[in-house]
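**Q**
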Amino acid sequence: MDAKTCVVTGGSRGIGRGIAERFGEDGCSVAVNYHSSEAAAAEVVEAIEAAGGEAVAVQADVTDPEAVGRMAADVREAFGSIDVLVNNAGINQDVFFEEMTHEQWEAVLDVHLDGAFHCTQTFYDDIVEAPDGRLINISSIVAKGGNLGQANYATAKAGIFGFTRTLALELAREGSTANCVAPGFIDTSMVSDLPEAIVEQVEEDTPLGRIGDVAEIADVVAFLASARSSFITGEVIDVNGGMDL
Ligand code: NDP
12 MDAKTCVVTG GSRGIGRGIA ERFGEDGCSV AVNYHSSEAA AAEVVEAIEA
62 AGGEAVAVQA DVTDPEAVGR MAADVREAFG SIDVLVNNAG INQDVFFEEM
112 THEQWEAVLD VHLDGAFHCT QTFYDDIVEA PDGRLINISS IVAKGGNLGQ
162 ANYATAKAGI FGFTRTLALE LAREGSTANC VAPGFIDTSM VSDLPEAIVE
212 QVEEDTPLGR IGDVAEIADV VAFLASARSS FITGEVIDVN GGMDL
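Numbering (this note's numbering), first residue to last: 12 to 256.
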């Protein structure tokens, strides 16, 4: 990838960490956003710097527009404008719908949808003005298939499809792209916290017979962030080991 400046929300752990480190390996300058995992974000920055890259940890709760504004000021102070925004920050609060509270519904929609809104609004002009501006959103396989106990999460992730498609149309007028990656089950705390029986069932239902690795998502995101993806926009790229949904 040509050296670019990238912001990865939720870059302190899991898939976001994998994406941030991959960008670092590719010679990018990386702003590693975190909410509460300050030490983990510092580790990601260290890993990127140790690999010869440039990185900075930037704190913000993506649901808070003022915090996102302060984060953007930190990013600009470190790197100036950016080329690539990856909306990756996410949470889940799984419970069957009949027991789901409005707080649980709202908390999950807030992080995934309001978070994507605030971060994209804040960096929109950067993406437009960058020579190869890129918006990349992380959705999920459950946006297509639904999942027991995840009405809030599946709804939020399906919203990301419409958001991506619309932003793709609007950004296309400026020569920039927006795409979405929809991972299947990936080895992060979001999955390792699931009961073992569910993980075994997922492995059984996956044609490749296993859950995925964060690097397998990071590779696709790195491709979408690069000039090699220049004629791809508005797409949802499934990375799920062959699950048919
Ligand atoms: P993790 O729980 O491992 O990491 C979540 C990341 O999001 C952390 O860096 C966390 O930061 C950050 N985050 C959470 N809330 C906020 C917030 N309010 N503001 C800023 N950052 C926040 O999750 P994964 O890596 O598994 O998931 C990453 C993305 O991939 C999510 O969008 C998830 O929905 C999606 N996904 C994951 C799949 C999987 O199987 N793992 C499958 C499909 C999609 P901190 O630690 O500082 O709180």
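Even glycine gets a Cβ: it sits at the ideal position worked out from N, Cα and C.
Return yes when the C-beta of D230 is under 7 Å from any heavy atom of ligand 1, and no when it is not.
**A** It does not: the Cβ of D230 is nowhere closer than 7 Å to a heavy atom of ligand 1.
**Q** Pick from K15, A68 and E60: whose alpha carbon is nearest that of G21?
**A** If we check each option's Cα against that of G21, A68 comes out closest.
**Q** Would G157 be called buried (16 or more neighbouring beta carbons within 10 Å of its own) or exposed?
**A** So G157 counts as exposed.
**Q** Consider the C-beta atom of V97 and the heavy atoms of ligand 1; say whether any pair is separated by less than 7 Å.
**A** Outside the cutoff, so no.
**Q** Pull up the CB-CB distance for V250 and G173, whole angstroms please, since I reckon it's below 8 Å.
**A** In fact, because the Cβ distance is near 20 Å, the residues do not count as touching under 8 Å.
**Q** If you run the structure through DSSP and keep just helix, strand and coil, what is R221?
**A** R221: coil per DSSP, three-state reduction.
**Q** Less than 7 Å separating the Cβ of I209 from some heavy atom of ligand 1?
**A** Answer for I209: no, Cβ out of range of ligand 1.
**Q** Taking 6 Å as the limit between beta carbons, can you name the residues of its chain near F107, skipping five residues before and five after?
**A** Only G160 meet the Cβ criterion.
**Q** Look at the Cβ atom of L180, then the Cβ atom of G252, and state whether they are nearer than 8 Å.
**A** Not in contact: L180 and G252 (Cβ atoms no closer than 8 Å).
**Q** State the start and end residues of the unbroken alpha helix (DSSP H) segment that holds Q212.
**A** Unbroken alpha helix (DSSP H) run through Q212: E207 to D216.
**Q** For the beta strand (DSSP E) containing R145, name the first residue and the last one.
**A** That run of the beta strand (DSSP E) goes R145 to I149.
**Q** With burial defined as no fewer than 16 other Cβ atoms inside 10 Å of the residue's Cβ, what is the status of R28: buried or exposed?
**A** Answer is buried; the Cβ neighbour count reaches 16.
**Q** For R81, collect the residues of the same chain with a Cβ closer than 8 Å to its Cβ; drop the 5 residues on either side in sequence, then sort them by chain order.
**A** For R81, where only same-chain residues beyond five positions count, the Cβ hits under 8 Å are A71.
**Q** Are K155 and L256 close, meaning C-beta to C-beta below 8 Å?
**A** In this structure, L256 lies closer than 8 Å to K155 by Cβ.
**Q** Determine the direct distance from the alpha carbon of C39 to that of S92, and round the result to whole angstroms.
**A** Whole-angstrom Cα-Cα distance: 13 Å.
**Q** Do you know how far the Cα of V122 is from the Cα of T131?
**A** Spanning the two alpha carbons is a distance of roughly 13 Å.
**Q** In three-state DSSP terms, what is I248?
**A** It is a strand residue.
**Q** Within the chosen definition, does the stretch 126-144 reach the stretch 207-225 through at least 3 CB pairs nearer than 8 Å?
**A** Output reads no: the stretch 207-225 does not touch the stretch 126-144.
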